[in-house]
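K.L.:
Just passing along the structure, written as structure tokens.
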Amino acid sequence: MRVDPLAPLLDLADVAPAFAEARDTVDAAMRHRALRRHGGQVAAESSLRAAVASAALEGNIYDLEEVRGGTVTDPVVQGSLRVAGALGGLVDLWPRAPRQVLAKLHVLAARGVVHDHDLGRLTSGAERVDALAGLVAGNEETPPLLLAAIVHAELITLRPFAGPAGVVARAAARLTLIGRGFDPRGLVGVEVGHLEREPEYQGSAGAYATGTPDGVRSWLRHYASAITVGGEQITVIGDSVLASV
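Be aware that the sequence shown starts at 1, since it is given in UniProt numbering, and climbs by one per residue.
Given below as structure tokens:
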């Protein structure tokens, strides 16, 4: 049996309880009655909000209603929307060919932002990306929330692609949550959680990059908090959908 190399991270102070709280919030939100008949609407709205939030975290900030109305042509926003729309088709491929999926995500995210020659091409950190791909491929041992957090942190630290590399990092983490069954319907808008706690998001990502136990702990606790916000968003969206029908 493959040994989980990330298991010791759950022993860092307060990490396991924070993950448990995030899991409980998401589990409760998944029981929202809007999901029984209007799950598609909830998923679509969650995807839109997550895409807009992910673009905003790259500095491309636009009003949600303007994006919904189709008046925003900013290429980073459009790339983030393309990525969000493509995730469902990449879930099965992600654990089999992570490098291929990362390249595809970058092509979708960075079209119109970077030179066509750079689309899907690593600009740095090839060895560490290879190591991350090895961690993702076929990994059924690491709990999905922990694996998603590390995937996100590694890619946001490395920024191995030109342009909106953060969009790629957040999408890869979302693929992990979906594919490993934490969020099979793609409802948890964790990107909204990162945006709501942006100073903490940036600070904890920087702390993770130091490689210290405290830095990693800071990031994992933030990630759990962002997941909790994403879970709460399901309830907000579900209530809104029910009020409109």
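For glycine and all other residues, C-beta sits at the position ideal for the given N, C-alpha and C.
DSSP on residue 113, reduced to helix/strand/coil?
P.N.:
Three-state DSSP puts residue 113 in coil, outside helix and strand.
K.L.:
Is residue 138 closer than 9 Å to residue 109 when the C-beta atoms are compared?
P.N.:
No, they are not a contact pair.
K.L.:
Do residue 51 and residue 191 come within 9 Å of each other at the CB atom, strictly closer than that value?
P.N.:
Contact flag set, yes.
K.L.:
Should the stretch 27-37 be regarded as contacting the stretch 164-182, the criterion being three or more beta carbon pairs within less than 8 Å?
P.N.:
The stretch 27-37, when compared against the stretch 164-182, does not touch it at the 8 Å Cβ threshold.
K.L.:
Is the number of C-beta pairs between the stretch 58-73 and the stretch 84-103 that are closer than 8 Å three or more?
P.N.:
They do not touch, by the three-pair rule.
K.L.:
What separation, rounded to the nearest whole angstrom, lies between the Cα atoms of residue 49 and residue 103?
P.N.:
In a straight line, the C-alpha of residue 49 is about 24 Å away from that of residue 103.
K.L.:
Could you check what DSSP says for residue 43 in three-state terms: helix, strand or coil?
P.N.:
DSSP places residue 43 in helix when its eight states are reduced to three.
K.L.:
Considering residue 25, what are the terminal residues of the alpha helix (DSSP H) in which it resides?
P.N.:
15-29 is the span of the alpha helix (DSSP H), which, as asked, contains residue 25.
K.L.:
Could you tell me whether the stretch 57-70 touches the stretch 155-175, using the rule of 3 or more Cβ pairs below 8 Å?
P.N.:
Contact holds: three or more Cβ-Cβ distances are below 8 Å.
K.L.:
What are the boundary residues of the alpha helix (DSSP H) that residue 74 is part of?
P.N.:
That residue, residue 74, is in no alpha helix (DSSP H); it is neither H nor E in DSSP.
K.L.:
Could you give the distance in angstroms between the alpha-carbon of residue 12 and the alpha-carbon of residue 216?
P.N.:
For residue 12 and residue 216, the distance between alpha carbons rounds to 9 Å.
K.L.:
Do you know whose CA, among 9, 15, 10, 3, lies nearest residue 222's CA?
P.N.:
Looking at the Cα atoms, 15 is the closest of the given residues.
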